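Student:
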Amino acid sequence: MEQTTLEVAGMACDGCERNVTETLETLAGISSATANHEADEVRVEHDESIDVGTIESAIEDAGYEVTP
53 MEQTTLEVAG MACDGCERNV TETLETLAGI SSATANHEAD EVRVEHDESI DVGTIESAIE
113 DAGYEVTP
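Just so we're aligned: 55 in this note's numbering is position 3 of the sequence shown, and the numbers increase by one with no gaps anywhere.
1) Leaving aside the five residues before and after Thr75 along the sequence, list all residues of the same chain whose C-beta is less than 6 Å from its C-beta, in chain order.
2) Candidates Glu90, Asp99, Cys68: which alpha carbon is nearest Glu112's?
3) Take Ser84 and list the residues in its own chain whose beta-carbon comes closer than 8 Å to its own, dropping the five residues that flank it on each side.
4) Taking DSSP's pairing of strands, which residues face Thr119 in a bridge?
5) Helix, strand or coil: which one does DSSP assign to Ser83?
6) Would you decide whether Met53 is buried or exposed? Buried here means 16 or more other CB atoms lie within 10 Å of its CB.
7) Residues in the same chain with beta-carbon distance under 8 Å from Ala64, minus the five sequence neighbours each way, listed in chain order, please.
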């Protein structure tokens, strides 16, 4: 299992956190996701089989911006 932490802009509330978490947890290879809108951060535990770019794309498709 790998853990990836991403900075994510655009989350403003608990609902945003839930949206990101639920979106990520539907992807094959992700065991858990935790979003924190106050820290603008998402932590993801995932298999090595899932590419970080796939995680970033899912977050962006949900309406949020992954920042460097």
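Cβ atoms here follow ideal geometry from the backbone N, Cα and C, with glycine treated the same way. Keep in mind that this is a model prediction, so the values were computed, not measured.
Tutor: Looking at the coordinates:
1) The residue labelled residue 75 in the question sits at position 23 within the sequence shown. Exclusion of the five residues before and after Thr75 leaves Ala110, Ala114 as the residues of its chain whose Cβ lies within less than 6 Å of its Cβ.
2) Taking the first residue of the sequence shown as position 1, residue 112 is located at position 60. Proximity to Glu112 across Glu90, Asp99, Cys68 peaks at Cys68, based on C-alpha coordinates.
3) Position 32 of the sequence shown, counting from 1, holds the residue named residue 84. Take Ser84, set aside five residues on each side of it, and the residues of its chain with a beta-carbon closer than 8 Å to its own are Glu77, Val96, Glu97, in chain order.
4) As a first step, residue 119 must be located in the sequence shown, where it is residue number 67. BP columns for Thr119 point to Glu59.
5) The residue labelled residue 83 in the question sits at position 31 within the sequence shown. The answer is strand: DSSP assigns Ser83 an E or B state.
6) On the sequence shown, residue 53 is found 1 positions in, with the first residue counted as 1. Its Cβ having fewer than 16 others within 10 Å, Met53 is exposed.
7) As a working mapping, residue 64 is identified with position 12 in the sequence shown. Around Ala64, the same chain offers His89 as residues with beta carbons nearer than 8 Å, after the five sequence neighbours per side are excluded.
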